[in-house]
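Number of protein chains: 2
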Amino acid sequence: MYAKINVVALASRRASLAALCLLSGVGPVAGAPAPEVVAAQLRDAAMAGHTIAYSWVSELTTRFGPRPAGSANEQQAAAWAAARFKALGFENVHIEAFPLTAWVRSTESAEITAPNTQPLVVAALGESPPTPAGGLEGDVVIFPTLGDLKAAAPGSLGGKIALVARRMVRMQDGSGYPVAVDARVDGPHEAAQRGASAFLLRSVGTDSHRIAHTGTTRYQDGRVPIPSFALSAPDADQLERLAALGQTVRVRLVSNASYVRDAHSQNVIAEVRGRDRPQEIVMLGAHLDSWDQGTGAIDDGTGTAIITAALKLIGDLPHRPRRTVRVVLFGSEEVGQPVEPGSAFGGHSYVVNHRTELATHVLTSESDFGADRVYQLALPPAASGSPFAQAALRVLGPIGVLAAPRPAADAGTDVGPSVEAGVPAFTLSQDGTRYFDIHHTPDDTLDKVDRSQLDQNVAAWVALVWLAADSDVDFRTHVPTPPAN
Amino acid sequence: MYAKINVVALASRRASLAALCLLSGVGPVAGAPAPEVVAAQLRDAAMAGHTIAYSWVSELTTRFGPRPAGSANEQQAAAWAAARFKALGFENVHIEAFPLTAWVRSTESAEITAPNTQPLVVAALGESPPTPAGGLEGDVVIFPTLGDLKAAAPGSLGGKIALVARRMVRMQDGSGYPVAVDARVDGPHEAAQRGASAFLLRSVGTDSHRIAHTGTTRYQDGRVPIPSFALSAPDADQLERLAALGQTVRVRLVSNASYVRDAHSQNVIAEVRGRDRPQEIVMLGAHLDSWDQGTGAIDDGTGTAIITAALKLIGDLPHRPRRTVRVVLFGSEEVGQPVEPGSAFGGHSYVVNHRTELATHVLTSESDFGADRVYQLALPPAASGSPFAQAALRVLGPIGVLAAPRPAADAGTDVGPSVEAGVPAFTLSQDGTRYFDIHHTPDDTLDKVDRSQLDQNVAAWVALVWLAADSDVDFRTHVPTPPAN
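Chains G and F, in that order, give the protein sequences. For what it's worth, our numbering labels the leading residue of the first sequence as 23, then goes sequentially. For what it's worth, our numbering labels the leading residue of the second sequence as 23, then goes sequentially.
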């Protein structure tokens, strides 16, 4: 499939100069090309590499590195993004701050202490409390799945360290993740209820490197009950093999993580205002915060780059779309406890601040699954199979995007609260085959971004968003009218 | 090429039971099949997976984990190997200890402190001295190559941290390594001579993960002059990009490494004694020690597995070869300073202990380049192109082994001192395309071993070693006589 995409990219590259000449030759609105023609031109410009996406994600990840929620790096990145938005000519650029309790990783380590000494690679799970100052030590009890841990008797893990060793399955659509991640979310509580002193998890990931995949876990009453860590896949293998040799495996764990009670995060907003229905908003989301060990390149620097690059291409057109296109770079998507209910994460804060506007949010989506190629479009139920969908697929088909078998459903963490409040969502599904090799690890760095696939993402987004924003389709309830063609 | 190998493996698997039946049907020496027929049977048995190679490397790396030179883990692994050698029926099994000063990594860390705070992934280079207790901090000066560092004026790096950022080139035969590794070997001294307070190196490796590649560096008068670290490739990229943005990059480095002056390492020896020329020895080497962050699976657990599995197959034959086959598992190949000149590494210690025997070492080689497929055979000059070589290539050709364009030259660290003392060497070149993704990193773990390629290595070794050991070819000087056929 990569080869196919490259052929398209090459063909588009040849066509791009002609396309750009067409764009610059577009006249006033009355004589403008039909929306579908403009969408195809925007698509081709992006496929030819005329986007700011790569330079955006390069500069963001280089200048600020990791951007954990509530950190100075996240705040500096937000200020930089707002300044860049203004320099790009966007409108209504502003930052909306919200309070949160931040979680801060510090030194951490782990080692096997019996039957002999061997170092382990771990990462404390987000919100996980520190160990006692000198660390804690215990025999490891291995459970194949969370279900097996749940089947253990109350009190049966007194003083032990519980390990859930389930392997995540690699799937193009990422559907191996929810099956495996339940152990990360609920494992610490289930282990604590049975007396465990700490919780270990085989990383929820598909790689086999000595790199652990962190992530949040469920907290209740403001806390995770016991120190909890992800183990790298080869380390989990090693513990399983030692146990299979009949050895009792003892492990020592150290974490000096802490909480900052008076932190804040922020959403960064920018728009290209619509020409005749500016109150109607197509809202595009991605998150500016990242986990703390990588530089948040694929999670979610590329998402912020894709939607920003799409907005820039639309803003550079000689005429505006009918509706407003709004970009929101959310803060605190990954981690961060709310100070007051509803005040964090960024997606909740957005709904609190924009509740009265949500009725005129006509469509939304977020880009938060890396930057490998878009292969599928799902529209809201009201638009699925409609003339709008047919037009969109005519534009997106040549760059390898198929119609989804079902309307859009899962909206993602950032725009989820808006969708719950009634805003219709679309999804441009990305190839997630290698996403969970990198997700939530120190390895989430710029070198993992495939530039030509990143540009294909921009092409898909800009074409789809332009079509929606330059239409009067009601994605909520009505059968949409076909776009002018 | 992998597909081709697999086809051969499948074909061999089908043939293997027949081959084994033939083997067990071999009669006394007088009626034994010709050596080339036996070599082919041994090859086919290994290709069919009838080897102990994988279980050996699995148990070694699981039970003992990292085995740094002079460590308890290395000593325990040596005792285990000797016990296993006896259980396998090998002869003359013994351990030869030698003293050394061991180097011990402890906690270490690195971070960018300006223009903002970002964590870095580093690994102290072997023998590198610790930083002051609280770490050291300095502005980074980037040099593209060691040559550029050498061109810097004396004193020009006062208080700075020198970084050599050369990228290693991926090559099948590993020839990208010597070109890049000079910066690791000589960089610390060159930087120190110009006043640098510490030395950084872009990891000598071909991967792009947040994993650093350690390795030794030159020491003089028992010491490396300044704290020296390898940076992971993405971290080196990040420093270069920050510098390209016009930023002065400041870094803080911490290492608590130390030295143990009264340590010891050891070589482990085992044999299958020859039936009529037992004093003539074909000596096979690999090293039991490993770097301290991985479990030494490909460097060099697989090497010890390949030669042990080959010896086991030969030992299980109904008749012995004419000459003795000796396996030596060397200690302290990676790191460790000699207490007295010539007493370490393991390869030197072997020559010291066996100097009088070396004249009857007829041939040697070591396996220390992972376990990906063998593709090329190089024999000593006296045997290149000889009837012996022709017979060997008839047996090895079907499993994808070609004749080398030149006689064997580079003998490796372990058998190198023996070769310098006059022992002829052969080389079975392995595919090193992915070797330097893993080499000297925490990622050197069992999951990186491709079992079918490991067995192909055993097949090549056992066939070649059998042919040499069951012959009377003089590999030193004479034109060898053809093996009986």
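We put the beta carbon where it would ideally sit given N, CA and C, even for glycine.
Chain F contact for residue i (CB, 8 Å cutoff)
i        : result
G/HIS462 : no
G/GLN315 : yes
G/ASP243 : no
G/LEU223 : no
G/LEU275 : no
G/ALA458 : Looking at the sequence shown, residue 458 of chain G is not Ala but Phe. Chain F contact via Cβ: absent.
G/HIS286 : no
G/SER280 : no
G/ASN95  : yes
G/PHE251 : no
G/HIS231 : yes
G/SER80  : yes
G/ASP259 : yes
Reference residue i, options the options, closest by Cα
i        : options                                   : result
G/THR317 : F/SER219, F/ALA91 and F/THR139            : F/THR139
F/VAL396 : F/GLY148, F/TYR372, F/ALA67 and F/VAL484  : F/VAL484
G/SER178 : G/GLU212, G/GLN97 and G/ALA327            : G/GLU212
G/ILE329 : G/ALA308, G/ALA214 and G/SER312           : G/ALA308
F/GLU118 : F/HIS286, F/THR455 and F/LEU401           : F/HIS286
F/GLY434 : F/THR270, F/THR455, F/ARG342 and F/PHE391 : F/PHE391
G/ALA460 : G/TRP125, G/LEU385 and G/ALA319           : In the sequence on display, residue 460 of chain G carries Ile and not Ala. It is G/ALA319 whose Cα lies nearest to the Cα of G/ILE460.
F/ALA430 : F/LEU401, F/ARG416, F/LEU222 and F/GLN315 : F/LEU401
F/PRO166 : F/ARG377, F/GLY209, F/GLU133 and F/PRO151 : F/GLY209
G/GLU398 : G/ILE183, G/GLN194, G/PRO141 and G/ARG106 : In the sequence as displayed, the identity of residue 398 of chain G is Gln instead of Glu. Minimum Cα distance to G/GLN398 is reached at G/GLN194.
F/ALA393 : F/TRP313, F/ASP432, F/GLY454 and F/SER93  : F/GLY454
G/SER131 : G/TRP488, G/PRO200, G/ALA124 and G/SER277 : G/SER277
F/GLY180 : F/ILE336, F/ALA218 and F/GLY196           : F/ALA218
Boundaries (first-last residue) of the beta strand (DSSP E) holding residue i
i        : result
F/GLY160 : 158-165
G/GLY111 : Where G/GLY111 is concerned, there is no enclosing beta strand (DSSP E), given that its DSSP letter is neither H nor E.
F/ASP477 : Element bounds for F/ASP477: not the beta strand (DSSP E) but the alpha helix (DSSP H), 473-491.
G/ALA413 : Note, G/ALA413: premise wrong, no beta strand (DSSP E); alpha helix (DSSP H) at 409-418.
G/ALA213 : Per DSSP, G/ALA213 belongs to no beta strand (DSSP E); it is in the alpha helix (DSSP H), 198-215.
F/LEU399 : 396-400
F/LEU223 : 220-224
F/LEU168 : Taken as a continuous stretch (DSSP letters only), F/LEU168 belongs to no beta strand (DSSP E), being part of the alpha helix (DSSP H) at 168-172.
F/GLU388 : 383-388
G/ALA405 : Per DSSP, G/ALA405 belongs to no beta strand (DSSP E) and is neither H nor E.
F/ARG345 : 345-352
Span of the alpha helix (DSSP H) around residue i
i        : result
G/GLU442 : 438-442
F/ALA265 : 255-266
G/HIS370 : 368-376
G/GLU130 : Not the alpha helix (DSSP H): G/GLU130 falls in the beta strand (DSSP E), residues 130-136.
G/PHE458 : 457-460
Within-8 Å CB hit, residue i to chain G
i        : result
F/SER493 : no
F/HIS235 : no
F/ASP321 : no
F/ARG206 : no
F/VAL143 : yes
F/GLY87  : yes
F/TRP488 : no
F/GLN475 : no
F/LEU264 : yes
Pairs of beta-carbons, one from the stretch 434-445 of chain F and one from the stretch 166-173 of chain F, closer than 8 Å: are there three or more? no
Mind the definition here: the stretch 181-194 of chain F touches the stretch 223-240 of chain F only if three or more C-beta pairs lie below 8 Å; say whether that holds. yes
Could you say if the stretch 365-381 of chain G and the stretch 450-468 of chain G meet the contact criterion of at least three C-beta pairs nearer than 8 Å? no
Can you find at least 3 beta carbon pairs, one from the stretch 152-166 of chain G and one from the stretch 295-304 of chain G, that sit closer than 8 Å? no
Stretch-stretch touch, CB-based, cutoff 8 Å, three pairs: the stretch 406-414 of chain G with the stretch 335-342 of chain G: no
At what residue ranges does the stretch 278-326 of chain G contain a whole run of the beta strand (DSSP E), taking only runs of 3 or more? 280-294 and 299-309
Is the stretch 242-252 of chain G close to the stretch 214-222 of chain G, with three or more CB pairs under 8 Å? yes
Quick check on the DSSP output: what are the complete alpha helix (DSSP H) runs of length 4 or more inside the stretch 51-110 of chain G, in order along the chain? 57-69, 75-86 and 94-109
For the stretch 464-475 of chain G against the stretch 68-87 of chain G, do three or more pairs of beta-carbon atoms, one drawn from each stretch, fall closer than 8 Å, so that the two count as touching? yes
Does the count of Cβ pairs from the stretch 251-265 of chain F and the stretch 54-71 of chain F closer than 8 Å reach three? no
Are there three or more Cβ pairs, one per stretch, closer than 8 Å when the stretch 272-289 of chain G is compared with the stretch 86-98 of chain G? yes
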